[in-house]
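Trainee: The structure is given below, and queries will be raised subsequently.
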Ligand SMILES: Cc1ncc(C[n+]2csc(CCOP(=O)(O)OP(=O)(O)O)c2C)c(N)n1
Ligand SMILES: [Mg+2]
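Chains as they are written, first to last, in the working numbering: chain A, 7 to 571; chain B, 56 to 218.
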């Protein structure tokens with residue numbers, strides 16, 4: 007019933023790892039071909055693969071893990087999806103129902119463990135409920151503010167010898183769950199008036215625009231108004247990164263011009279963003295002169311940390327569509343002179359500090375150079391799946407995303423080990439696309455075993471390992487706040503990544519000089535059907551800048567190792 | 056400020072733990088909590104009293120509403136309402152104190168529901184501050200045991216919390 011329900015839901019791939027509690031389900035998988043199972047090497051990778059599929063397509067990915075250790079191994083992946091509001095269905099095996107609560111072999115209370123990190127969870131208590139529960143799980147995961155849903159299935163619910171009526175429900179209705187389908191028209195009208203009256207506006211775009219499929223609408227609205235746009239780490243790609251109106255990312259490692267513009271603005275239009283602490287910096291000093299319009303599908307995100315002047319609860323796409331119509335037909339248009347002055351100011355900020363880094367203070371390659379090269383070699387068109395650390399920030403800053411759903415990273419939880427499985431999940435579903443995993447020598451080792459899965463299923467991703475021989479992000483904080491006492495941020499005894507890749511049957515490439523980078527990278531991407539592990543040696547002492555000064559305002563930033571605003 | 060929040064909840068296993076989990080996970084405080092099924096067997100009614108400023112209370116109601124098992128939420132303290140709590144209190148009651156306790160219980164309209172030669176058990180129903188007042192009127196020396204139900208509340212007038 008489980009497998010049939012997944013098939014009827016239209017699921018093509020599931021990512022998983024078998025075990026005692028799931029043997030009946032695995033036997034059913036064996037006897038059909040429509041739902042294909044991908045065997046990972048660690049359950050965490052299964053969840054990240056499912057998650058990345060969802061990030062790239064907007065549809066829920068599915069992971070299947072056994073009870074006990076299988077389920078607990080999946081916890082990091084569930085939390086990762088939860089923090090970034092990613093739709094996912096995780097099916098966990100459970101011990102036989104009569105053993106639940108008895109500390110049976112491989113029993114863990116997955117309902118209890120997962121409760122704070124899921125949108126919802128279900129425990130199946132009658133086999134005949136399985137189709138309806140699975141339908142509900144997908145419905146809840148994919149609608150409203152998306153999120154992961156766990157379905158815990160005791161082994162005796164899947165006994166093959168017991169037969170039940172099977173019918174997959176066409177739709178679901180839950181009296182206690184009615185996701186909102188449009189925003190309040192009065193609020194939208196008020197917001198539009200305020201928007202049109204702004205003299206120093208900024209449009210602040212979050213991951214909700216990407217998950218809410220509203221990139222076209224936000225792009226159209228921004229262009230129509232000629233207002234500057236800044237994206238959060240999760241929102242990159244929602245508005246074309248190479249466009250003149252794009253200020254790049256904002257926040258802790260946001261661009262100088264984005265953070266300055268936010269601070270000095272008189273109006274912020276926030277869409278699908280949640281005023282995260284990595285964006286706002288000190289909330290009491292946040293954008294003192296700005297009025298705030300906040301569009302979000304989740305009422306609880308509005309006025310959580312920063313009070314909104316005009317809250318609008320609703321899906322980004324429909325709200326923005328209404329706004330677009332109002333703007334297009336409005337008599338009053340934006341104050342052109344004020345906007346011109348605002349753009350001059352922004353261009354001045356941009357010219358002063360926009361996106362520059364030094365290349366003359368080290369013999370070694372700079373990580374930023376590598377990302378810029380990646381952007382060039384792939385025409386800004388690749389799926390870039392990142393791990394967590396300095397390399398992630400460099401990728402966010404220097405890869406110019408022109409399309410949504412291409413930048414795939416763990417923003418909210420910051421999960422090292424996410425990158426490789428994520429790249430695999432994307433590559434499997436988009437076999438013709440260029441898929442890069444940008445990682446560091448620390449992060450890649452958290453799920454390195456998946457190189458084996460890549461071999462088994464022919465997943466020729468390109469691993470861009472920015473090897474700074476240290477846990478760079480940790481080291482940077484130690485440099486800045488702990489007088490460079492590098493407590494355990496240095497990795498001795500790194501493996502020979504080239505040999506390692508080769509031992510898994512892949513291609514390894516070592517790059518130590520900038521002169522060799524372009525040719526090597528082009529060669530790697532030309533090897534269409536091989537996984538290439540590019541081990542690229544970069545300056546271990548480089549820091550990510552700008553960096554906001556803790557608890558300051560948005561404009562309080564370190565611009566390099568010695569200079570601050 | 057103190058708020059009384061009433062919740063209609065699917066009468067499902069695990070539903071209560073989601074509510075309680077939400078409070079601990081997000082660091083909201085629970086002063087008291089009561090829960091029981093309603094006339095509709097598929098629904099439970101839960102009342103939670105909590106303390107917080109407007110921003111916190113707004114977040115609490117929003118997050119409660121987000122829980123899939125929660126059908127409806129209302130902050131009773133936003134309108135006219137009635138709150139009641141039940142207390143049973145066991146008291147040392149011998150000698151002169153015995154008559155004094157009886158008198159105090161009468162003033163508060165409490166009922167003596169169990170008697171031994173040396174104790175009284177008094178039942179008292181009212182708003183929480185009335186129960187508090189009764190406790191302080193008796194003095195700590197006489198009190199052997201206190202059990203309180205936590206607050207239940209209902210809106211005044213024709214307003215109802217139902218499907
Ligand atoms: C699972 C996990 N453990 C610890 C951390 C804390 N952490 C954040 S960045 C980082 C260093 C990452 O090192 P590396 O992957 O080499 O990237 P770099 O910063 O050097 O580019 C650490 C340890 C984390 N984010 N995730
Ligand atoms: Mg590193």
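From the three backbone atoms N, C-alpha and C, an ideal C-beta is built for every residue, glycine too. It should be emphasised that the depicted structure is a prediction, and the values quoted were computed from it without experimental measurement.
1. Pull the bridge partners of residue 436 (chain A) from the DSSP assignment, please.
2. For my contact list, residue 155 (chain A) and residue 125 (chain A) are in at a C-beta cut-off of 8 Å; report their separation, rounded to the angstrom.
3. Given the structure, does residue 447 (chain A) come close to ligand 1, in the sense that its CB is under 6 Å from one of the ligand's heavy atoms?
4. According to DSSP, which residues form a beta bridge with residue 319 (chain A)?
5. Are there 16 or more other CB atoms within 10 angstroms of the CB of residue 503 (chain A), so buried, or fewer, so exposed?
6. Within this structure, are the beta carbons of residue 406 (chain A) and residue 442 (chain A) separated by less than 7 Å?
7. Pick out whichever of A:187, A:134, A:560 has its Cα sitting closest to the Cα of residue 320 (chain A).
8. Taking the alpha helix (DSSP H) that residue 192 (chain A) belongs to, which residues open and close that run?
9. By the criterion of Cβ-Cβ separation under 9 Å, what are the contact partners of residue 182 (chain A) in chain B?
10. Does any CB atom of chain B fall closer than 7 Å to the CB of residue 563 (chain A)?
11. Residue 118 (chain A) lies in the alpha helix (DSSP H); which residues open and close that run?
12. When the Cα atoms are used, what is the spatial distance from residue 182 (chain A) to residue 34 (chain A)?
13. Check the Cβ-Cβ distances between residue 117 (chain A) and every residue of chain B, and say whether any is below 7 Å.
14. Please decide whether residue 58 (chain B) counts as near chain A, where near means a Cβ-Cβ distance under 7 Å.
15. Would you say residue 58 (chain B) touches ligand 1, meaning its beta carbon is less than 6 Å from a heavy atom?
16. Does the separation of the CB atoms of residue 7 (chain A) and residue 136 (chain A) fall below 7 Å?
17. Alpha carbon to alpha carbon, how far is residue 146 (chain A) from residue 192 (chain A)? Give it in angstroms, no decimals.
18. If distances are taken between C-alpha atoms only, which option among A:351, A:226, A:60, A:166 comes closest to residue 144 (chain A)?
19. Output yes if chain B places a C-beta closer than 7 Å to the C-beta of residue 126 (chain A); else output no.
20. Is the shortest distance between the beta-carbon of residue 306 (chain A) and the beta-carbons of chain B less than 7 Å?
21. Under 8 Å, with one C-beta from each stretch per pair, do the stretch 505 to 517 of chain A and the stretch 328 to 347 of chain A reach the 3-pair mark?
22. How would you list, in chain order, the residues of chain A whose beta-carbon sits under 8 Å from the beta-carbon of residue 72 (chain B)?
23. When you compare the stretch 62 to 77 of chain A with the stretch 110 to 125 of chain A, are there three or more beta-carbon pairs, one atom per stretch, that lie closer than 8 Å?
24. Would you kindly work out how many angstroms separate the C-alpha atoms of residue 44 (chain A) and residue 21 (chain A), rounded to a whole number?
25. Which residues, taken in chain order from the stretch 143 to 156 of chain A, show a beta carbon closer than 7 Å to some beta carbon of chain B?
26. Got a sec? Which residues, its chain only, sit under 6 Å from residue 120 (chain B) by beta carbon, not counting five neighbours each side?
27. Quick one: residues in its chain with C-beta nearer than 8 Å to the C-beta of residue 402 (chain A), no 5 flanking neighbours on either side, listed in chain order?
28. Would you verify that the beta carbon of residue 117 (chain B) is, or is not, closer than 7 Å to some beta carbon of chain A?
29. Compare the C-beta of residue 69 (chain B) against all C-beta atoms of chain A and say whether one is closer than 7 Å.
30. I need the DSSP call for residue 539 (chain A), collapsed to helix, strand or coil.
Mentor: The answer reads as follows:
1. Here residue 436 (chain A) is taken as the residue at index 430 of the first chain, counted from 1. Partner(s): none; residue 436 (chain A) has no beta bridge.
2. Taking the first chain and counting its residues from 1, one reaches residue 155 (chain A) at position 149. Taking the first chain and counting its residues from 1, one reaches residue 125 (chain A) at position 119. Rounded to the nearest angstrom, the Cβ distance from residue 155 (chain A) to residue 125 (chain A) is 6 Å, consistent with a contact under 8 Å.
3. In the first chain, counting from the first residue as 1, residue 447 (chain A) sits at position 441. Within the chosen limit of 6 Å, ligand 1 reaches the beta carbon of residue 447 (chain A) through at least one heavy atom.
4. Working through the first chain from its first residue, we reach residue 319 (chain A) at position 313. BP columns for residue 319 (chain A) point to A:302.
5. The residue you call residue 503 (chain A) lines up with position 497 of the first chain. Per the 10 Å Cβ criterion, buried.
6. As a first step, residue 406 (chain A) must be located in the first chain, where it is residue number 400. As a first step, residue 442 (chain A) must be located in the first chain, where it is residue number 436. The criterion of a C-beta distance shorter than 7 Å is not satisfied by residue 406 (chain A) and residue 442 (chain A).
7. Taking the first chain and counting its residues from 1, the one referred to as residue 320 (chain A) is at position 314. Ranking the options by Cα distance to residue 320 (chain A), first place goes to A:187.
8. Residue 192 (chain A) sits at position 186 when you count from the first residue of the first chain. From DSSP, the alpha helix (DSSP H) with residue 192 (chain A) extends over 191 to 203.
9. Within the first chain, numbered from 1, the residue matching residue 182 (chain A) stands at position 176. The answer, in chain order, is 63, 64, 65, 122, 123, 124, 125, 126, 127.
10. Taking the first residue of the first chain as position 1, residue 563 (chain A) is located at position 557. Cβ-Cβ to chain B under 7 Å: no for residue 563 (chain A).
11. Within the first chain, residue 118 (chain A) is the residue found at index 112, counting from 1. Where residue 118 (chain A) is concerned, the enclosing alpha helix (DSSP H) stretches over 116 to 120.
12. To locate residue 182 (chain A), count along the first chain from 1; it is residue 176. To locate residue 34 (chain A), count along the first chain from 1; it is residue 28. Cα to Cα, the separation comes out at about 33 Å.
13. Translated into the one-based positions of the first chain, residue 117 (chain A) becomes position 111. For residue 117 (chain A), the nearest beta carbon of chain B is closer than 7 Å to its own beta carbon.
14. Mapped onto the second chain, residue 58 (chain B) falls at position 3. Not closer than 7 Å to any Cβ of chain A, the Cβ of residue 58 (chain B) fails to qualify, so no.
15. Indexing the second chain from 1 puts residue 58 (chain B) at position 3. No, the Cβ of residue 58 (chain B) stays beyond 6 Å of every heavy atom of ligand 1.
16. Within the first chain, numbered from 1, the residue matching residue 7 (chain A) stands at position 1. Within the first chain, numbered from 1, the residue matching residue 136 (chain A) stands at position 130. When the beta-carbon positions are compared, residue 7 (chain A) and residue 136 (chain A) come within less than 7 Å of each other.
17. Counted from its first residue, the first chain places residue 192 (chain A) at position 186. Counted from its first residue, the first chain places residue 146 (chain A) at position 140. Going from the Cα of residue 192 (chain A) to the Cα of residue 146 (chain A) covers about 28 Å.
18. Along the first chain, one-based indexing puts residue 144 (chain A) at 138. The closest CA to that of residue 144 (chain A), considering only A:351, A:226, A:60, A:166, is found on A:60.
19. Indexing the first chain from 1 puts residue 126 (chain A) at position 120. For residue 126 (chain A), the nearest CB of chain B lies under 7 Å from its own CB, placing it at the interface with that chain.
20. For this step, residue 306 (chain A) is matched to residue 300 along the first chain. Yes, because at least one Cβ of chain B sits closer than 7 Å to the Cβ of residue 306 (chain A).
21. Judged by Cβ distances under 8 Å, the stretch 505 to 517 of chain A makes no contact with the stretch 328 to 347 of chain A, as fewer than three pairs qualify.
22. For the purposes of this step, residue 72 (chain B) is taken as the residue at position 17 of the second chain. Here the neighbours are 118, 121.
23. The stretch 62 to 77 of chain A makes contact with the stretch 110 to 125 of chain A: 3 or more CB pairs, one atom from each, lie closer than 8 Å.
24. Residue 44 (chain A) sits at position 38 when you count from the first residue of the first chain. Residue 21 (chain A) sits at position 15 when you count from the first residue of the first chain. Rounded to whole angstroms, the gap between the alpha carbons of residue 44 (chain A) and residue 21 (chain A) is 5 Å.
25. Result list: 146.
26. Position 65 of the second chain, counting from 1, holds the residue named residue 120 (chain B). Within the same chain, residue 120 (chain B) has close Cβ partners 128.
27. Counting from 1 along the first chain, the entry for residue 402 (chain A) is found at position 396. 239, 242, 255, 259, 392, 413, 415, listed in sequence order.
28. As a working note, residue 117 (chain B) is residue 62 in the second chain. Answer yes: the Cβ-Cβ gap between residue 117 (chain B) and chain A drops below 7 Å somewhere.
29. Position 14 of the second chain, counted from the start, is the residue given in the question as residue 69 (chain B). Nearest CB-CB separation between residue 69 (chain B) and chain A: below the 7 Å threshold.
30. Position 533 of the first chain, counted from the first residue, corresponds to residue 539 (chain A). Residue state, collapsed to three classes: strand.
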